[in-house]
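Student: Using my numbering, read the sequence shown as starting at 3 and increasing by one per residue.
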Amino acid sequence: MIKKKLLLSAAAVSLIIVIALLLFFSLKRHETANLNLMSVPKVFVYPENAEAQFNRLVEENGLEDMFIKERGNIYYPREKWSGRIKYSGVSYQGLFAVRDSAVIFKLKKLDAAALSFSLFNPQNSRLFYLVTVKTGNKKINLYKGFFDKEVLFSKTVDLKSQFDREVELIFETKGKGVGAWINPRLVKPKKHPRVIVVIVLDTLRYDHTSLYGYSRATTPVLERLSQEAVVFRNAYTTTSWTLPAHVSLFSGKNLDEHGVVTPNDRISTEYPLIAEIFQREGYVTAAFTGGGFIDDSYGFARGFQVYSNTPGRAFSMNSAERVFNHFKNYINGFRGNDVFVFLHTYQMHAPYKAPRKYIAQISQDVHTNLKGVRNFIREKHEYYKTIDAKDRQLLIDLYDAGILYADRMLVGNVVRFLKGKGLYRDAMIVVLSDHGEEFYDHHSWEHGHTLYKELIKIPLLVKYPQNRKKGEETALASITDIPAIILEESGVPYDEMIFRNEVGQTNRVLPVLLPLSPIIRQFPAKISLVGRNHHFIFNVIDKQMLAFFNPPPPQVRMQEIELYDSSDYLEKVNVYMRRRRIADRFGKHMAKYLQRFKGVKMKTFKGSKELQERLKSLGYLGN
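1) What separation, rounded to the nearest whole angstrom, lies between the Cα atoms of Gln507 and His449?
2) Note down the Cα distance separating Val308 from Ser569, rounded to an integer number of angstroms.
3) Taking all protein chains shown into account, do 16 or more other C-beta atoms lie within 10 angstroms of the C-beta of Glu490, making it buried, or fewer, making it exposed?
4) Please go through the same chain and pick out, in chain order, the residues whose beta-carbon is closer than 8 angstroms to the beta-carbon of Leu565, but skip the five residues on each side of it.
5) Buried or exposed: which applies to Met592, given that a residue is buried once 16 or more other Cβ atoms fall within 10 Å of its Cβ?
6) Can you look up Lys423 in the DSSP assignment and give me helix, strand or coil?
7) From Leu620 to Ile458, what does the alpha carbon distance come to, in whole angstroms?
8) Quick one: what's Leu515 bridged to in DSSP?
9) If you reduce the DSSP assignment to three classes, tell me which class Arg582 lands in.
10) Is the shortest distance between the beta-carbon of Gln281 and the beta-carbons of chain D less than 8 angstroms?
11) With H, G and I counted as helix, E and B as strand and the rest as coil, what does DSSP make of Glu440?
12) For Ser28, does the count of other Cβ atoms within 10 angstroms reach 16, so buried, or fall short, so exposed?
13) Per DSSP, what are the beta-bridge partners of Met430 in this structure?
14) For Leu132, write down the residues that DSSP places opposite it in a beta bridge.
15) For Asp234, which residues in the same chain have their Cβ closer than 6 angstroms to its Cβ, ignoring the five residues on either side in sequence?
16) What residues are listed by DSSP as bridge partners for Trp183?
17) Kindly identify the DSSP beta-bridge partner or partners of Asp567.
18) Going by alpha carbons, who is nearest to Tyr386 out of Gly293, Leu397, Asp443 and Lys330?
19) Consult DSSP for Ser127 and reduce its assignment to one of helix, strand or coil.
20) Quick one: what does DSSP say Asn63 is sitting in, helix, strand or coil?
21) Can you tell me where the beta strand (DSSP E) holding Phe107 begins and where it ends?
22) Please report how far the alpha carbon of Phe148 lies from the alpha carbon of Leu129, in whole angstroms.
23) At which residues does the alpha helix (DSSP H) containing Arg282 begin and terminate?
24) Along the beta strand (DSSP E) that carries Ile484, what are the first and last residues, could you check?
25) Taking Cβ to Cβ, would you say Val503 is nearer than 8 angstroms to Ile487?
26) Going by DSSP, what residue range makes up the alpha helix (DSSP H) through Arg226?
27) Could you name the residues of the same chain whose beta carbon sits closer than 8 angstroms to that of Pro467, not counting the 5 residues immediately before and after it, in chain order?
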């Protein structure tokens, strides 16, 4: 009896300890005050005719491309006077201003060290900008400035007085014209800020990294970083081109869920993006990218206070280094703040430009005057044309040089910077690619046209804060798992039904889709399913469309159904005829997957009726 009581007491004590720990960590998740004023409630005090006045001035002065109204979404309902300011290739989050307008932030207390904000005053505007803090009947002026020319001006105001009771922080605009308050935020440095950096090395093929066993030492930085990180050995993207793959990365959704499948589609406001979650929690959020298919105009800027399209652009010899420099300069201004940053470079993208120093490290035989070799595909629709082995190797050498350069000048510099600032130990660093690249492995070039392994299997490495997790993850993983992986580790509250981490799920099958090629619409649509032991591909072939190409695709590319064993590393042996039962199981899974597209709002998904009929003829669909 005594023994039983002791056991019950021990169980009760254990339960109390567990509850206490849960309460502690729950409180810890919410301990950070929201320092980002863009994501707190506001009161807009604007003249009755302000909207008509604003619209007229924007149109008269040709400012439509600078003042962009944001559409609301379930996390951030649209506020009438909030939007994006687009200036010199950078999209900023801001509050639009007209004369005699005011934005009031009602705060429970004001105990920050400083107030930081920027102003945008366009040409032909003559405006006074005033910031005051009001408590009771007392009003304190924090800033006053006048501008009569085009300028983007940043200011940090030291808050000498601390207020432990309710205050109003007031941003007023007077004068003539339109302007904007950009990214107002309170500055309250933390001793151990949380830093999250997501780096996408666009077009990086997993099997051209020494991290994944490539014979050339193309990624020595990633190899060193892997000693303190988790390396995902079986990670896949959701398609083989940039736009929809990045929507999957930002939203945690497959193509059938997010609906962005063509170059004309935009990100829906019916679901949140990961940056919005971090912004809501007071993080500094910034992105430095190469634009193109991840330009802010597609909707990627949502949740980012700063979204730059220029530093990582394609065709730049030093794209990777430019991205790092923008990151460094920006983050230096936010020491002590929680930070979520997205970095992206096209350094590995065709036409495969890299500094000569790095080309020489890859091969002494490479010459850089390869315009003819680089451009022959795009100029003549010769996507299926072979070239001699020497020229093919030259392209691979240039591609590998870009990998080496990005590894050192972007990933390596980020790691060194964080270590130098004392931020590395507590930082979370995620490095991945959105898709790979083909060098005639399956009789074609570049990407966005097939769903073979060289295009859809991606490198993925996650360095956790304080190295809490290390080693290898061999389970199937998707680019859609990444938002949940990051959010889980950060401790910020989020909806687990929206962002899901399904790594390790039993019998998982990953859908990969290419309904329309971004390169040229005559490429066949493709559906791919990746299982643990097999890779299934269904090709929607239209022979009239294939006649567009010169030369036409080889006969091997005319197979409608393909099935590859996972041990077939190069995916050269189609075992469909020998393993029909396995293929049929994948086919039925594919039919269910495609049914979900009926409820997805997309601007373009050609051939769906034809595809449904073909699936029926194959026995994959009933009615």
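C-beta: ideal position from N, C-alpha, C; glycine also.
Nothing here was measured: the structure is a model prediction, and the numbers come from that model.
Tutor: Taking the structure as given:
1) Locating residue 507 in the sequence shown gives position 505, counting from the first residue. Locating residue 449 in the sequence shown gives position 447, counting from the first residue. The alpha-carbon of Gln507 is positioned some 29 angstroms away from that of His449.
2) Looking up residue 308 in the sequence shown gives position 306. Looking up residue 569 in the sequence shown gives position 567. If you take the alpha carbons of Val308 and Ser569, they lie about 44 angstroms apart.
3) By one-based count along the sequence shown, residue 490 stands at place 488. Result: exposed.
4) Translated into positions along the sequence shown, residue 565 becomes position 563. Spatial neighbours of Leu565 in its own chain (CB-CB distance under 8 angstroms, excluding positions within 5 residues in sequence) are listed in chain order as His536, His537, Phe538, Ile539, Asn576, Val577, Tyr578, Arg581, Ile584, Ala585 and Phe588.
5) Taking the first residue of the sequence shown as 1, we reach residue 592 at position 590. Its Cβ being crowded by 16 or more others within 10 Å, Met592 is buried.
6) For this step, residue 423 is matched to residue 421 along the sequence shown. Coil.
7) Position 618 of the sequence shown, counting from 1, holds the residue named residue 620. Position 456 of the sequence shown, counting from 1, holds the residue named residue 458. Model confidence at Leu620 stands at a pLDDT of 42, short of 50, so the residue's coordinates are unreliable and nothing is read from them.
8) As a first step, residue 515 must be located in the sequence shown, where it is residue number 513. DSSP output for Leu515 lists Ile529 as bridge partner(s).
9) Taking the first residue of the sequence shown as 1, we reach residue 582 at position 580. If DSSP states are grouped into helix, strand and coil, Arg582 belongs with the helices.
10) Although the question refers to chain D, the structure presented lacks it and comprises just one protein chain.
11) As a working note, residue 440 is residue 438 in the sequence shown. Judged by DSSP in its simplified three-state form, Glu440 adopts strand.
12) Mapped onto the sequence shown, residue 28 falls at position 26. Here Ser28 scores only 40 on pLDDT, less than 50, and its place in the model should not be relied on; the value that follows carries that caveat. The residue in question, Ser28, is exposed, as its Cβ has fewer than 16 Cβ neighbours within 10 Å.
13) As a first step, residue 430 is located in the sequence shown; it is residue number 428 there, counting from the start. Note: Met430 sits in a beta bridge opposite Ile198.
14) The residue you call residue 132 lines up with position 130 of the sequence shown. BP columns for Leu132 point to Lys146 and Glu174.
15) Locating residue 234 in the sequence shown gives position 232, where the first residue counts as 1. According to the sequence displayed, residue 234 carries Phe and not Asp. So the list reads Leu462, Glu475 and Ala479, once near-sequence residues are dropped.
16) Numbered from its first residue, the sequence shown carries residue 183 at position 181. Answer is Leu97 and Leu121.
17) For the purposes of this step, residue 567 is taken as the residue at position 565 of the sequence shown. DSSP, once it has assigned bridges, lists His536 as partnering Asp567.
18) Taking the first residue of the sequence shown as 1, we reach residue 386 at position 384. Cα-wise, what sits closest to Tyr386 is Asp443.
19) By 1-based counting over the sequence shown, the position of residue 127 is 125. Here Ser127 sits in coil by DSSP.
20) Here residue 63 is taken as the residue at index 61 of the sequence shown, counted from 1. Looking at Asn63 - three-state DSSP - the assignment turns out to be coil, as it is neither helix nor strand.
21) Locating residue 107 in the sequence shown gives position 105, where the first residue counts as 1. Looking at the DSSP string, the run of the beta strand (DSSP E) that includes Phe107 is Ser103 to Leu109.
22) The residue labelled residue 148 in the question sits at position 146 within the sequence shown. The residue labelled residue 129 in the question sits at position 127 within the sequence shown. In a straight line, the C-alpha of Phe148 is about 6 angstroms away from that of Leu129.
23) Residue numbering aside, residue 282 sits at position 280 when the sequence shown is read from its first letter. In the DSSP assignment, Arg282 falls within the unbroken alpha helix (DSSP H) covering Ile276 to Arg282.
24) The residue you call residue 484 lines up with position 482 of the sequence shown. First-last for Ile484: Ile484 to Ser492, but that is the alpha helix (DSSP H), not the beta strand (DSSP E).
25) Locating residue 503 in the sequence shown gives position 501, where the first residue counts as 1. Locating residue 487 in the sequence shown gives position 485, where the first residue counts as 1. Reading the sequence as shown, one finds Asn at residue 503 and not Val. Yes, the pair counts as a contact, with Cβ atoms nearer than the cut-off.
26) As a working note, residue 226 is residue 224 in the sequence shown. Here the alpha helix (DSSP H) through Arg226 covers Pro222 to Ser228.
27) Your numbering for residue 467 matches position 465 in the sequence shown. Around Pro467: Arg196, Arg427, Asp428, Ala429, Met430 and Glu491.
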